[in-house]
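In the numbering used here, the protein residues as written are -5 to 192. Glycine is no exception: its CB is placed at the ideal position from the N, C-alpha and C atoms. Worksheet: one structure, shown below.
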């Protein structure tokens, strides 16, 4: 009787361990693709995107459509169309090991003019240009210094930090190549009292 009980006990432990292994494997199958191909955590460092994104805040970045993958279960070849005034994370063109967060101001093929703190966009729809309205994300008293004119190639974006006086951005080191953009800001997850979906 005792031997039968012992055998039953070992069988129960074996089934339990097998279930744990199944759960871990399932979690791995679900979480790894999400982590590698869909979403990425990002910690804000510095003041260049204040007042919208502050130092130490924890963001979730949507990477879907920004990477080319060739897997049996998924094949993403098209680059997601980015919109003006979207906040994105990208590899710093001067050092690809670093990642920056900025806001898209100019789209591929456009000409960007910064003059007297005004940003004017020239494109096919507006050959005479239009002044960019930024009141949604920066205070009206914020000045955009660094007068310049930049013509973007078909695979380039012009990006600026919201905190214009304290931002290293396209005014200094030029446009961001499309291939360097890794994703768009999807969610501010921390601090809890500032959780926001974008």
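Query raised in the report: Taking the runs of the alpha helix (DSSP H) that are 4 residues or longer, which of them lie wholly in the stretch 101 to 175?
Result: 164 to 167
Query raised in the report: Can you tell which of 162, 136, 76, 18 has the C-alpha that lies nearest to the C-alpha of residue 57?
Result: 76
Requested in this report: Give the DSSP-derived three-state secondary structure of residue 98 in the structure shown.
Outcome: strand
Query raised in the report: If you draw a straight line from the C-alpha of residue 162 to the C-alpha of residue 15, how long is it?
Result: 48 angstroms
Report task. Tell me whether residue 48 sits in a helix, a strand or coil according to DSSP, three-state version. Result -> coil
Report task. Count the other CB atoms, across all protein chains shown, that sit within 10 Å of the CB of residue 79; report buried if there are 16 or more and exposed otherwise. Result -> exposed
Query raised in the report: If we ignore side chains and look at the alpha-carbon of each, how far apart do residue 119 and residue 104 end up?
Result: 10 angstroms
Query raised in the report: Cα separation between residue 45 and residue 148?
Result: 31 angstroms
Query - Euclidean distance between Cα positions of residue 174 and residue 86 - result: 8 angstroms
Query raised in the report: Counting only beta-carbon atoms, is residue 55 nearer than 9 angstroms to chain C?
Result: Judged by its chain identifiers, the structure shown contains no chain C, having just a single protein chain.
**Report entry** Whole-angstrom distance between residue 145 and residue 127, CA atom to CA atom
**Finding:** 20 angstroms
Query raised in the report: What three-state label does DSSP hand residue 13 in the structure shown?
Result: helix
Query raised in the report: Name the DSSP bridge partner or partners of residue 75?
Result: Paired residue(s): none; residue 75 is not in a bridge.
Query raised in the report: With a cut-off of 8 angstroms, do at least 3 Cβ pairs link the stretch 104 to 118 to the stretch 132 to 146?
Result: yes
Query raised in the report: Going by other Cβ atoms of all chains shown within 10 Å of its Cβ, with 16 needed for buried, is residue 81 buried or exposed?
Result: buried
Query - Rounded separation between residue 186 and residue 151 - CA only - result: 32 angstroms
Query raised in the report: Looking at C-alpha atoms only, which residue of 153, 180, 157 is the closest neighbour of residue 168?
Result: 153
Query raised in the report: What number of angstroms, rounded off, separates the C-alpha of residue 180 from the C-alpha of residue 10?
Result: 38 angstroms
Query raised in the report: If you follow the beta strand (DSSP E) that residue 83 is part of, which residue opens it and which one closes it?
Result: 81 to 86
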